[in-house]
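In my numbering, the protein residues as written are 85 to 414. For glycine and all other residues, C-beta sits at the position ideal for the given N, C-alpha and C. See below for the structure under consideration.
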Amino acid sequence: MQKRKLGSQGLEVPVLGLGCMGMTFAYNGGKADPDECLKVLDRSLELGINFWDTAQSYGPFTNEELLGKSLKGRREKVIVATKFAWKNGAAGPDTLDGSPENARESLEGCLKRLGTDYVDLYYLHRKDPKVPIEETVGAMGQLVKEGKVRYIGLSEVGPVTLRKAHAVHPLTALQSEYSLWETGLEEKILPVLRELKIGLVAFSPVGRGFLTGQIKRFEDIPEKDMRRTLPRFQGENFAANLKLVEAVKDLGASKGATASQTALAWLLRQGEDITAIPGTTHVHHLEENAKAAEIHLSEQDLAGIQQILAKIPISGNRYSEMMAKMVSAE
85 MQKRKLGSQG
95 LEVPVLGLGC
105 MGMTFAYNGG
115 KADPDECLKV
125 LDRSLELGIN
135 FWDTAQSYGP
145 FTNEELLGKS
155 LKGRREKVIV
165 ATKFAWKNGA
175 AGPDTLDGSP
185 ENARESLEGC
195 LKRLGTDYVD
205 LYYLHRKDPK
215 VPIEETVGAM
225 GQLVKEGKVR
235 YIGLSEVGPV
245 TLRKAHAVHP
255 LTALQSEYSL
265 WETGLEEKIL
275 PVLRELKIGL
285 VAFSPVGRGF
295 LTGQIKRFED
305 IPEKDMRRTL
315 PRFQGENFAA
325 NLKLVEAVKD
335 LGASKGATAS
345 QTALAWLLRQ
355 GEDITAIPGT
365 THVHHLEENA
375 KAAEIHLSEQ
385 DLAGIQQILA
395 KIPISGNRYS
405 EMMAKMVSAE
């Protein structure tokens, strides 16, 4: 697996990592088969996909516990990224806690669940509007000095916050949604990341599964699956967004690639400072995703994709009203 550097502090990661959220949380009510998920983690290392992304809130706590089982005896082989933001891990706009105390307390819990004494990349999952970002990042920087964290990052914040945070302690990465399905950070955020030399870790790079082409009807989404609450998966938005999937499938077919492989290959062409973390709970999907790193899209292919995006705008907001409240535009 090819590698890339995130930020200017020296963190090297594979071009494709593994988003682990769906193994215990959000999709299908968090009811994935844990034994199959452990097989996915094993196979990911065989494929060179050793950048694993988890979070305190995924469960809460159960995702880190699952990864902790897999890390036993091979911690040094894995680059582990985890995130904190909410008091006691319960995600919601009213429980955000970006205080220095919670940054430290959350990390101690993460380390215990993961069975390790350090985290490679520690993110603030969502900005707490009640706490100045300088205070939060200052505390995270102190954890770096103590050797409990190697690099730090933020998630789902805008240019102003990035600049304020980076001035306190160098940020290695911003984790935000980026894909053919969501390009909102291209205008204002990507230029700031490149100016400050901060890497981008793109989550939901295949549109929360929509760009795989496997979800053909709203009813294909399992009960208690978070995607049922997202506007882009509902009603007229769903039907409109299927047009993008069909166009991506057609382009991929011309190169012997699936729609999801095409979406990932496109994302990896958007810059050497970008890595993607597609998630899966099945080994065969992991192997399919891994092959995307070998797919070459020509300039003509990229131009064709831009034409598709111009002709088929995405319909619907990416988050529900409640979830949108936790994203910082600044």
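Between the Cα of residue 439 and the Cα atoms of 88, 143, 137, 222, which residue gives the shortest distance? There is simply no residue 439 to check, as the chain begins at 85 and stops at 414 in what is shown.
Kindly provide the ranges of any alpha helix (DSSP H) runs that are 4 or more residues long and lie completely inside the stretch 275 to 344, ordered along the chain. 319 to 337
Enumerated in chain order, which unbroken segments of the beta strand (DSSP E) with a length of 3 residues or greater are wholly contained in the stretch 137 to 176? 163 to 168
Could you check which residue in 143, 92, 97 has the C-alpha nearest to that of residue 104? 143
Within this structure, are the beta carbons of residue 180 and residue 158 separated by less than 8 Å? no
May I ask which residues mark the beginning and end of the beta strand (DSSP E) holding residue 184? Looking at the DSSP string, residue 184 is not in any beta strand (DSSP E); the run it does join, the alpha helix (DSSP H), is 184 to 198.
Can you check the stretch 201 to 284 for any beta strand (DSSP E) of at least 3 residues that lies completely inside it and give the ranges in chain order? 203 to 208, 233 to 239, 257 to 261
Bridge partner(s) assigned by DSSP for residue 397: In the DSSP output, where bridge partners are listed per residue, residue 397 has none listed.
With a floor of 4 residues, list each alpha helix (DSSP H) that falls wholly inside the stretch 102 to 131, ordered by position along the chain. 118 to 130
Name the residue from 204, 193, 252, 386 whose alpha carbon lies nearest to the alpha carbon of residue 352. 386
Which of the three DSSP states, helix, strand or coil, is assigned to residue 358? strand
Tell whether a beta-carbon distance below 8 Å holds between residue 403 and residue 314. yes
With DSSP as the reference, label residue 409 as helix, strand or coil. coil
State yes or no: is the C-beta of residue 299 within less than 8 Å of the C-beta of residue 102? no
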